[in-house]
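Per the working numbering, the sequence shown starts with residue 74, numbered consecutively.
Beta carbons are placed, not taken as given, at the ideal position from N, Cα and C, and that holds for glycine.
Since the model is a prediction, treat every value here as computed from it, not as a measurement.
Structure record follows, encoded as structure tokens.
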Amino acid sequence: LPRFSIPLLALSLFPSVHSRTNKNVIMSDKGFELIREYQRSTDPIPAFNDDGVRAVLEDITKIYQENYAHALSFNETGDRKFLPLVMYRHRLIQRQKRCLLAYLLNRLFRLKRLRWHVGAILPPEIKSCINDTEATWFNNYSKILAEYMASIHDGYGLNLTNDIKPPKSLYIEVRCLTDYGKFELENGEIILLKKNSQHYLPKLQCEQLIRQGILQHII
């Protein structure tokens with residue numbers, strides 16, 4: 074993240090201006106707090122911090138309005154005493170914007186990764202952590218990915234989300250972690266997946282259930 078060494082130095086050269094400024098605005102770092110909260114989360118994707126995002130936007134608006142007022146004053150009087158403060162505030166606005174964009178973009182990166190590892194249908198506990206805009210983005214990305222996978226391999230399609238890591242064998246031993254119920258294999262065979270039951274299944278056909286936490290690969 075950017076530092077404010079030059080603007081802070083400029084403010085130190087004009088102590089009279091510094092003393093009149095709002096210290097809460099100068100020390101504002103709500104954007105960084107948003108990033109720090111996001112980085113500390115161990116969830117697949119943390120709940121969207123609507124209040125935090127709104128606070129950053131309000132902060133940016135407030136700082137911009139103060140800068141606009143001083144810019145008008147400069148145009149009217151030609152007094153340059155507030156220019157260092159205007160420069161500082163502008164850098165602060167840019168920092169807040171970068172933090173906010175980094176927060177939003179990294180959430181999309183996680184959603185993109187979830188599409189590859191979980192599938193096109195998000196579990197309820199993840200769905201509850203994203204907002205409507207993110208849900209729309211995820212659905213659009215899933216649609217684009219599905220259309221692309223259907224178009225390759227001479228029109229037969231290829232699921233690129235399978236075998237992200239090269240398999241060592243076509244069949245694997247798995248343990249069921251929940252009472253899932255009936256699961257039909259591609260050959261028509263029906264497998265009853267009960268909690269703690271173990272099965273020897275085709276890796277390609279059970280990989281999605283492994284990603285969803287329904288099956289566990291026994292190594």
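Just how far apart, CA to CA, sit residue i and residue j?
i	j	result
residue 188	residue 116	15 Å
residue 46	residue 191	Residue 46 is absent from the structure shown; the chain starts at 74 and stops at 292.
residue 287	residue 164	49 Å
residue 214	residue 142	43 Å
residue 130	residue 157	23 Å
residue 277	residue 118	26 Å
residue 272	residue 219	29 Å
residue 264	residue 283	15 Å
Apart from the five residues on each side of it in sequence, which residues of its chain come closer than 8 Å, Cβ to Cβ, to residue i?
i	result
residue 153	147
residue 209	none
residue 297	Shown here, the chain extends from 74 to 292; a query on residue 297 therefore has no answer.
residue 179	111
Quick check on the burial criterion: 16 or more other C-beta atoms within 10 angstroms. Buried or exposed for residue i?
i	result
residue 113	exposed
residue 183	buried
residue 261	exposed
residue 104	buried
Run through DSSP, which three-state label would residue i get?
i	result
residue 157	helix
residue 185	helix
residue 218	helix
residue 274	strand
residue 176	helix
residue 211	helix
residue 229	coil
To which residues of the same chain is residue i closer than 7 Å at the C-beta, ignoring the five residues directly before and after it?
i	result
residue 166	133, 136 and 137
For residue i, which beta-bridge partners are listed by DSSP?
i	result
residue 249	288
residue 256	264
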